[in-house]
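Worksheet: the structure to be examined is printed underneath.
There are 2 protein chains.
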Amino acid sequence: MPELRKDPVLGRWVIISTERAKRPKDFESTPETKKTNPKECPFCPGNEGATPPEIFAIRTNNGSPNTPGWTLRVIPNKFPALRIEGEINRRGEGIYDHMNGIGAHEVIIETAEHNLDLADMEPGRFEDVIHAYQQRVLDLRKDERLRYVMIFKNFGSAAGASLEHTHSQLIATPVIPKRVTEEMDGAKRYFEYRERCIFCDIVVQETKTRKRLVVENNSFILICPFAPRFPFECWILPRNHRSNFEDATAEELKDLSSILKDCLMRLKKALNTPPYNYIIHSAPITVRGVDFYHYHLEIIPVLTHIAGFEWGTGFYINPTGPEDSAAYLKNII
Amino acid sequence: MPELRKDPVLGRWVIISTERAKRPKDFESTPETKKTNPKECPFCPGNEGATPPEIFAIRTNNGSPNTPGWTLRVIPNKFPALRIEGEINRRGEGIYDHMNGIGAHEVIIETAEHNLDLADMEPGRFEDVIHAYQQRVLDLRKDERLRYVMIFKNFGSAAGASLEHTHSQLIATPVIPKRVTEEMDGAKRYFEYRERCIFCDIVVQETKTRKRLVVENNSFILICPFAPRFPFECWILPRNHRSNFEDATAEELKDLSSILKDCLMRLKKALNTPPYNYIIHSAPITVRGVDFYHYHLEIIPVLTHIAGFEWGTGFYINPTGPEDSAAYLKNII
Numbered sequence: 000m001p002e003l004r005k006d007p008v009l010g011r012w013v014i015i016s017t018e019r020a021k022r023p024k025d026f027e028s029t030p031e032t033k034k035t036n037p038k039e040c041p042f043c044p045g046n047e048g049a050t051p052p053e054i055f056a057i058r059t060n061n062g063s064p065n066t067p068g069w070t071l072r073v074i075p076n077k078f079p080a081l082r083i084e085g086e087i088n089r090r091g092e093g094i095y096d097h098m099n100g101i102g103a104h105e106v107i108i109e110t111a112e113h114n115l116d117l118a119d120m121e122p123g124r125f126e127d128v129i130h131a132y133q134q135r136v137l138d139l140r141k142d143e144r145l146r147y148v149m150i151f152k153n154f155g156s157a158a159g160a161s162l163e164h165t166h167s168q169l170i171a172t173p174v175i176p177k178r179v180t181e182e183m184d185g186a187k188r189y190f191e192y193r194e195r196c197i198f199c200d201i202v203v204q205e206t207k208t209r210k211r212l213v214v215e216n217n218s219f220i221l222i223c224p225f226a227p228r229f230p231f232e233c234w235i236l237p238r239n240h241r242s243n244f245e246d247a248t249a250e251e252l253k254d255l256s257s258i259l260k261d262c263l264m265r266l267k268k269a270l271n272t273p274p275y276n277y278i279i280h281s282a283p284i285t286v287r288g289v290d291f292y293h294y295h296l297e298i299i300p301v302l303t304h305i306a307g308f309e310w311g312t313g314f315y316i317n318p319t320g321p322e323d324s325a326a327y328l329k330n331i332i
Numbered sequence: 000m001p002e003l004r005k006d007p008v009l010g011r012w013v014i015i016s017t018e019r020a021k022r023p024k025d026f027e028s029t030p031e032t033k034k035t036n037p038k039e040c041p042f043c044p045g046n047e048g049a050t051p052p053e054i055f056a057i058r059t060n061n062g063s064p065n066t067p068g069w070t071l072r073v074i075p076n077k078f079p080a081l082r083i084e085g086e087i088n089r090r091g092e093g094i095y096d097h098m099n100g101i102g103a104h105e106v107i108i109e110t111a112e113h114n115l116d117l118a119d120m121e122p123g124r125f126e127d128v129i130h131a132y133q134q135r136v137l138d139l140r141k142d143e144r145l146r147y148v149m150i151f152k153n154f155g156s157a158a159g160a161s162l163e164h165t166h167s168q169l170i171a172t173p174v175i176p177k178r179v180t181e182e183m184d185g186a187k188r189y190f191e192y193r194e195r196c197i198f199c200d201i202v203v204q205e206t207k208t209r210k211r212l213v214v215e216n217n218s219f220i221l222i223c224p225f226a227p228r229f230p231f232e233c234w235i236l237p238r239n240h241r242s243n244f245e246d247a248t249a250e251e252l253k254d255l256s257s258i259l260k261d262c263l264m265r266l267k268k269a270l271n272t273p274p275y276n277y278i279i280h281s282a283p284i285t286v287r288g289v290d291f292y293h294y295h296l297e298i299i300p301v302l303t304h305i306a307g308f309e310w311g312t313g314f315y316i317n318p319t320g321p322e323d324s325a326a327y328l329k330n331i332i
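Chains as they are written, first to last, in numbering that gives the first Met the number 0: chain Z, 0 to 332; chain F, 0 to 332.
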């Protein structure tokens, strides 16, 4: 059973993942994304038996679950960071706190095609990916033990992907993550002072000045944020106020998939297929429809290393200003 | 002039470093630590002219500054993230805040020997390194524009080192970094509740249970912390309460250098010379002698990648529990 432990000073939770237990020799070479032959890839059609049974799938052929014929498939992670079965069981150990690693860890296999890059996926299939994200959150929010559902994608080994067949992940946690609490608290303080959502104000200012705006559509803007941690960091913000991703309308999901695909294509061309992470930041599933917080996506190309200064301070040193990043990305055709 | 910008939601500062300005093509290959011939190494004796003039040095030959004969040398960073000259000049831009990148960015060249690993340095020279750290903080705290001095080391390219000749760095900032404020606030809350320093309590519990204790000496303990973000993460804590590193006694500095050297040797043997970062966490130079906070060192071997889940949540998934890490490190001779 994985275990959740809390740092007693910072209140930061870590997952001690016994499913992935590693000894010193396991670290001797840097982990690379495994190059696999489609015949041996657990995410390829025909190998459905190599994964735990599917939770959700999109099929065009009316076939049975866990057989080929799907275009998108959601499965539990075979080596989950958190497990769905069991009790939370919070307990102390002297001054420390821990609890069982209850939660969910799922993999969204975005396509049946082994070598397809998400950036090159056809628009209809890309919409399916975003739709699947929403369906999974709507399902998991029925589980009363869970407080947060985080959807994210790691692309490339430097960004933490261990399998090359394109996929996203979802982790649902029994506590609200520290970073989410910080964002919610920061947004709430701004709202208390100005009676406006800070993300709505960001949308207004960025749409007006346009100097960090890369591209926009009916429902979303894509910007390089004012204080980015990383070169070419991008944020996608809904124009209209909405706190929870899972409450987005069908039209919004369509526009989100279109602007996210556009963003990934621009990064791919500008930076020669960089490793990247993207993360959907949403209000917790237990806190819906709030006026001070606004869901959004953060896309981080992995181009630099995190070093001692960043670890110690939480400050980031970024060698590329967002106005420059936005200008480069805007000019990509 | 570098610029400091504040994220309006999280209050996190970033440094937009114009001295190191980078365009997309600069990122096309992953930066590696430069392998340099000692003749061309700016940190080697004989090449003192290749660096800005020295700030501090330890010489055995009574030679002039910026000439060979030194065993340790401190210089301003040639491409500083923050600059010592100028006014802070805080200003707004709509809803955003920025200020000039005032501060200090120095390099501590730990040895004149190009190929010496800090872990293998003789004890007297290692003490000089720790002594130099303290001297630089004592000097910089006279500058009233500065609020924090962060001392850290990046070893290996994956940990952010760009030159192979062993060195540490120091960055002094005009604001107290978010991570430091969070640690101070967390420790203060604990103190208000229990009237004891949380770090003192950690020392008591870890010394008693011994299951995460790697090694100890008269003044310090070396542990794998209860909720580590990373495999083989290590912390060095002073046994006696002290909030500021720069106030450590000569005897404490000697013991600190001895236990830090021991830690680096154990990590080197256990993990085959891993890239690593270490960071001195101290109370700010403007906040001295507080009863609720306790300076300490954090040592992080770089063995895993930070991925989307960590970026989104502030949660870390760690595949090696600290009890296991401590057991491995304890058994290294």
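Idealized CB from N, CA, C, for every residue including glycine.
Distance, Cα to Cα, residue i vs residue j?
i                 : j                 : result
Phe-151 (chain Z) : His-113 (chain Z) : 20 Å
Asn-65 (chain Z)  : Thr-110 (chain Z) : 14 Å
Gly-48 (chain Z)  : Tyr-189 (chain F) : 50 Å
Cys-396 (chain F) : Leu-71 (chain F)  : Outside the displayed span of chain F (0 to 332) sits residue 396 (chain F), for which this structure offers no information.
Asn-153 (chain Z) : Thr-165 (chain Z) : 9 Å
Ile-298 (chain F) : Pro-230 (chain F) : 11 Å
His-130 (chain Z) : Ala-20 (chain Z)  : 34 Å
Cys-233 (chain F) : Val-286 (chain Z) : 37 Å
Gly-85 (chain F)  : Thr-303 (chain Z) : 28 Å
Met-264 (chain Z) : Tyr-192 (chain F) : 52 Å
Gly-311 (chain Z) : Thr-180 (chain F) : 11 Å
Glu-92 (chain Z)  : Gln-204 (chain F) : 10 Å
Tyr-315 (chain Z) : Ile-201 (chain F) : 29 Å
Gly-62 (chain Z)  : Thr-248 (chain Z) : 29 Å
Lys-24 (chain F)  : Asp-116 (chain Z) : 21 Å
Ser-16 (chain F)  : Asp-142 (chain Z) : 45 Å
Ile-220 (chain F) : Pro-237 (chain F) : 7 Å
Thr-206 (chain Z) : Ser-218 (chain Z) : 12 Å
Ala-160 (chain Z) : Asn-60 (chain Z)  : 30 Å
Ile-305 (chain Z) : Thr-35 (chain Z)  : 29 Å
Taking Cβ positions, are residue i and residue j nearer each other than 8 Å?
i                 : j                 : result
Leu-81 (chain Z)  : Ala-103 (chain Z) : yes
Arg-11 (chain F)  : Gly-307 (chain Z) : no
Val-344 (chain F) : Ile-94 (chain F)  : For residue 344 (chain F) there is no data in the structure shown, the boundaries of chain F being 0 and 332.
Ala-118 (chain Z) : Cys-223 (chain Z) : no
Pro-321 (chain F) : Pro-227 (chain F) : yes
Val-136 (chain F) : Ile-284 (chain F) : yes
Glu-292 (chain F) : Ala-186 (chain F) : Per the sequence shown, the amino acid found at residue 292 (chain F) is Tyr instead of Glu. Yes, the Cβ-Cβ distance between Tyr-292 (chain F) and Ala-186 (chain F) is below 8 Å.
Phe-225 (chain Z) : Arg-211 (chain Z) : yes
Val-148 (chain F) : Leu-162 (chain F) : no
Pro-173 (chain F) : Arg-144 (chain F) : yes
Ile-54 (chain Z)  : Glu-18 (chain Z)  : no
Pro-235 (chain Z) : Cys-262 (chain Z) : Looking at the sequence shown, residue 235 (chain Z) is not Pro but Ile. Yes.
Gly-45 (chain F)  : Arg-58 (chain F)  : no
For residue i, which residues of its own chain have a beta-carbon under 6 Å away from its beta-carbon, when the five flanking residues on both sides are left out?
i                 : result
Gly-279 (chain Z) : According to the sequence provided, residue 279 (chain Z) is Ile. The question's Gly does not apply to it. Taken in chain order, the residues that qualify are Ile-150, Phe-244, Leu-296.
Ala-158 (chain Z) : Pro-274, Tyr-275, Asn-276, Val-301
Cys-199 (chain F) : His-240
Ser-347 (chain F) : No answer is possible for residue 347 (chain F): it lies beyond the span of chain F, which begins at 0 and ends at 332.
Met-183 (chain F) : Tyr-292
According to DSSP, residue i sits in a beta bridge with which residue or residues?
i                 : result
Ile-175 (chain Z) : For Ile-175 (chain Z), which the question treats as bridged, DSSP gives no partner whatsoever.
Asp-96 (chain F)  : F:Lys-5, F:Gly-91
Ala-56 (chain Z)  : Z:Arg-72
Arg-82 (chain F)  : F:Ile-101
Ile-332 (chain Z) : According to DSSP, Ile-332 (chain Z) bridges with nothing at all.
Ile-15 (chain Z)  : Z:Glu-2, F:Asn-317
Going by beta carbon distance, what residues of the same chain come within less than 7 Å of residue i, once the five residues before and after it are set aside?
i                 : result
Ile-14 (chain Z)  : Pro-1, Leu-3, Ala-80, Leu-81, Gly-100
Pro-51 (chain F)  : Ile-74, Pro-75, Lys-77
Pro-7 (chain F)   : Ile-94, Tyr-95
Val-289 (chain F) : Ser-242, Ala-282
Pro-318 (chain Z) : Pro-230
Within a Cβ cutoff of 8 Å, which residues of the same chain sit near residue i, ignoring the five residues on either side of it in sequence?
i                 : result
Asn-216 (chain F) : Asp-254, Ser-257, Ile-258
Lys-329 (chain Z) : Leu-212, Val-213, Val-214
Leu-252 (chain Z) : Glu-126, Ile-129, His-130, Gln-133
Ala-269 (chain F) : Phe-231, Tyr-327, Leu-328, Ile-331
Arg-90 (chain Z)  : Asp-96, His-97, Met-98
Which parts of the region 122-180 of chain F are runs of the alpha helix (DSSP H), unbroken and 4 residues or longer, counting only runs that do not cross its ends? 122-139
Tell me the start and end of each unbroken alpha helix (DSSP H) in the region 231-318 of chain Z that is at least 4 residues and wholly inside, in chain order. 249-270, 307-312
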